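Worksheet: one structure, shown below.
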Amino acid sequence: ERLPELLRRMPKAELHIHIEGSLEPELIFALAQRNGVALPYASVEDLRKAYAFTNLQSFLDIYYAGASVLLKEQDFYDMAWAYFERAAADNVAHAEIFFDPQTHTARGVAMETVINGLHRACVEAGPKLGVSAALILCFLRHLSEEDAFATLEQALPFRDQFIGVGLDSSELGHPPEKFARVFARCRELGLHRVAHAGEEGPPAYVWSALDVLKVERIDHGVQSAKDPALMQRLAQDRIPLTVCPLSNLKLCVVPSLAQHNLGALLDAGLVATVNSDDPAYFGGYMNENFLQTFAATGLAARQAWQLAANSFEASFLDAAAKRAHQ
Ligand code: ES4
Ligand code: ZN
55 ERLPELLRRM
65 PKAELHIHIE
75 GSLEPELIFA
85 LAQRNGVALP
95 YASVEDLRKA
105 YAFTNLQSFL
115 DIYYAGASVL
125 LKEQDFYDMA
135 WAYFERAAAD
145 NVAHAEIFFD
155 PQTHTARGVA
165 METVINGLHR
175 ACVEAGPKLG
185 VSAALILCFL
195 RHLSEEDAFA
205 TLEQALPFRD
215 QFIGVGLDSS
225 ELGHPPEKFA
235 RVFARCRELG
245 LHRVAHAGEE
255 GPPAYVWSAL
265 DVLKVERIDH
275 GVQSAKDPAL
285 MQRLAQDRIP
295 LTVCPLSNLK
305 LCVVPSLAQH
315 NLGALLDAGL
325 VATVNSDDPA
335 YFGGYMNENF
345 LQTFAATGLA
355 ARQAWQLAAN
365 SFEASFLDAA
375 AKRAHQ
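Residue numbers for the sequence shown follow the working numbering, so the first one is 55 and each next one is one higher.
Structure below.
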């Protein structure tokens with residue numbers, strides 16, 4: 055079988071997708087019209103032209119502007135459903151989906167509106183599309199820990215509609231230890247914990263995500279390769295890295311996909327996975343990430359099978375469901 059067919063066909067789990075980053079320009083404009091929201095862009099083409107990023111912050115500014123069209127429960131459902139249709143087409147069998155409630159509650163959208171819309175799509179995706187799904191609530195790290203605590207409080211009435219918490223947004227200057235207390239509370243509550251670390255930030259941020267926040271996965275983590283002791287820790291404890299190659303390319307974390315260190319992470323025995331991050335902004339969903347990365351780096355079928363196996367191992371599925379995917 056040709057490698058591209060294998061990459062497309064193999065069942066996989068997606069563990070690093072911001073649902074607000076799956077909002078395509080066409081849907082942004084449709085929701086703006088439906089909700090009477092004014093956009094600072096004249097057209098879909100005009101908006102797409104703004105997708106020329108130089109670093110993480112240059113992307114986040116446009117990403118938060120795009121999310122401003124989301125007001126009603128149906129908007130959140132429609133966004134998530136569009137993602138699930140794309141995921142199913144890429145043979146994604148399971149997705150663990152980040153959402154950023156503070157982006158919405160700060161605009162006066164109720165937590166209930168956000169979670170109910172997303173959760174309804176997650177529940178329907180299993181029977182209708184064959185994609186099992188769960189939600190991970192992310193705290194915005196450029197805001198305060200106090201704000202994160204208030205967000206957790208607002209979300210606890212919906213505790214059974216999300217499986218864990220994450221940490222995202224501007225990394226540099228906002229180290230994981232800023233959120234030590236709220237993550238400790240989440241651990242007591244039995245929530246899973248993940249954090250973006252080592253995307254633009256140093257290996258020290260990966261260490262503190264592990265040792266202070268006690269996360270179970272690292273989102274991105276590609277800067278870990280600069281620290282041999284950290285690489286040994288990640289391999290020994292089988293801490294997964296949810297790597298996002300097209301994101302790293304578009305945010306200039308790597309100069310080219312050919313120079314991406316995904317292969318080196320796998321060679322070091324790490325539980326690395328491939329994910330799409332913000333597919334509407336970075337030029338592709340899951341299979342596009344696999345196809346472009348394999349074409350550029352020369353990874354082969356052996357690594358494809360390894361990445362697919364890693365994606366289920368790294369998931370928060372229970373042991374029986376993991377076995378069913380082997
Ligand atoms: C993000 Cl690529 C990335 N990094 C950090 N935070 C984010 N939120 C959405 N996409
Ligand atoms: Zn991300």
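By construction, the Cβ of each residue, glycine as well, lies at the ideal position given by its N, Cα and C atoms.
As the structure is a prediction and not an experimental result, all values here were calculated from the model.
N-terminal and C-terminal residue of the alpha helix (DSSP H) that residue i is part of
i    : result
F203 : E199 to A209
H228 : First-last for H228: undefined, no H or E at that position.
F107 : Premise fails: F107 is in no alpha helix (DSSP H) and is neither H nor E.
V260 : P257 to D265
L300 : P299 to K304
Q87  : P79 to N89
F237 : A234 to E242
K280 : Unbroken run through K280: none, as it is neither H nor E.
Expected contact under 8 Å - CB spacing of residue i and residue j to nearest Å
i    : j    : result
Q128 : G162 : That belief does not hold up - the Cβ atoms of Q128 and G162 are roughly 17 Å apart, past 8 Å.
M64  : A358 : 6 Å
I73  : I151 : 5 Å
E225 : G255 : 4 Å
L183 : F130 : The Cβ separation is near 17 Å, so there is no contact.
Y335 : Y118 : Between Y118 and Y335 the Cβ distance is about 12 Å, and since that is not below 8 Å, they are no contact.
Q215 : I169 : 5 Å
L85  : A355 : Their Cβ separation, rounded to whole angstroms, is 41 Å, which puts L85 and A355 out of contact at 8 Å.
Bounding residues of the beta strand (DSSP E) (the contiguous stretch that carries residue i)
i    : result
L221 : G218 to D222
K126 : No beta strand (DSSP E) holds K126; DSSP gives it neither H nor E.
L361 : Note, L361: premise wrong, no beta strand (DSSP E); alpha helix (DSSP H) at A355 to E367.
Assigned secondary structure, residue i (DSSP; H/G/I helix, E/B strand, else coil)
i    : result
F212 : helix
S112 : helix
V98  : helix
L194 : strand
H148 : strand
A142 : helix
A326 : strand
L371 : coil
Residues bridged to residue i [DSSP beta-bridge criterion]
i    : result
V248 : R271
I169 : The partner list for I169 (beta bridge, DSSP) is empty, contrary to what the question assumes.
D331 : I71
T347 : For T347, which the question treats as bridged, DSSP gives no partner whatsoever.
L189 : I151
T157 : According to DSSP, which records beta bridges pairwise, T157 is partnered with nothing at all.
The ligand ZN: which residues have Cβ under 6 Å from any of its heavy atoms, chain order? Put simply, the residues with a CB less than 6 Å from any heavy atom of the ligand ZN are H70, H72, D222, H250, D273 and D331, in chain order.
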